[in-house]
Amino acid sequence: MTTPTSLPPTTGVPARLRRSSTDRMLGGVCGGLATYTGVDAVLWRAAVVALSLAGGAGLVLYAVLWVLTPADPPAPGEQPRPVDRFVDRLAGRIHGAA
């Protein structure tokens, strides 16, 4: 049995769910879920669309994960997008209030 190539090597440190800075269409949530679980990002995106069409739960879930999931650190010399800075400030306020 082979292991998927998208999974990072096991280092003994549990993986953290983070929004992807490279595999993103909107906020990087599905790309981050793909890296974390080993399930292809296209399947996560299809699930979000299906849940969105079946009552809007996908949009709500995506928005919550976008705010609560920390972003990958930017690559050296790369600036975070303005929407990512806004979401990070919003998440800081939410985490600070809790």
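To convert, note that position 54 of the sequence shown is 54 in the UniProt record's numbering; the numbers rise steadily by one, no gaps.
Ideal Cβ placement from N, Cα and C applies to all residues, glycine included.
Given the structure is predicted, the values throughout are model-derived calculations rather than measurements.
Assign G32 to buried or exposed, taking buried as 16 or more other Cβ atoms, counted over all protein chains shown, within 10 Å of its Cβ.
-> On the sequence shown, residue 32 is found 32 positions in, with the first residue counted as 1. Buried, since its Cβ has 16 or more Cβ neighbours within 10 Å.
| query | With burial defined as no fewer than 16 other Cβ atoms inside 10 Å of the residue's Cβ, what is the status of V83: buried or exposed? | reply | What you label residue 83 is simply residue 83 of the sequence shown in a count that begins at 1. Its Cβ having fewer than 16 others within 10 Å, V83 is exposed.
- Query: What residue does the alpha helix (DSSP H) around A63 start on, and which one ends it?
  - Reply: Walking along the sequence shown from the start, residue 63 turns up at place 63. Taken as a continuous stretch (DSSP letters only), the alpha helix (DSSP H) holding A63 covers 57 to 68.
Which residues mark the beginning and the end of the alpha helix (DSSP H) in which T35 is found?
-> The residue labelled residue 35 in the question sits at position 35 within the sequence shown. 29 to 37 is the span of the alpha helix (DSSP H), which, as asked, contains T35.
- [ ] Identify the continuous alpha helix (DSSP H) that holds L53 and give its terminal residues.
- [x] Counting from 1 along the sequence shown, the entry for residue 53 is found at position 53. L53 -> alpha helix (DSSP H) spans 41 to 53.
| Which whole-angstrom value is the C-beta distance of V29 and L65, which I expect to be below 8 Å? | Looking up residue 29 in the sequence shown gives position 29. Looking up residue 65 in the sequence shown gives position 65. Their Cβ separation, rounded to whole angstroms, is 5 Å, which keeps V29 and L65 in contact under 8 Å.
- Query: Based on the DSSP secondary-structure assignment, which residues constitute the bridge partners of R19?
  - Reply: Numbered from its first residue, the sequence shown carries residue 19 at position 19. Bridge partners of R19: A71.
Looking at V18: is its Cβ nearer than 8 Å to the Cβ of D72? Along the sequence shown, one-based indexing puts residue 18 at 18. Along the sequence shown, one-based indexing puts residue 72 at 72. Sequence inspection shows Arg at residue 18; the Val mentioned does not correspond to that position. Yes, Cβ-Cβ distance for R18 and D72 is below 8 Å.
Do you know offhand how far T22's Cα is from A57's?
Here residue 22 is taken as the residue at index 22 of the sequence shown, counted from 1. Here residue 57 is taken as the residue at index 57 of the sequence shown, counted from 1. C-alpha separation (whole angstroms): 25 Å.
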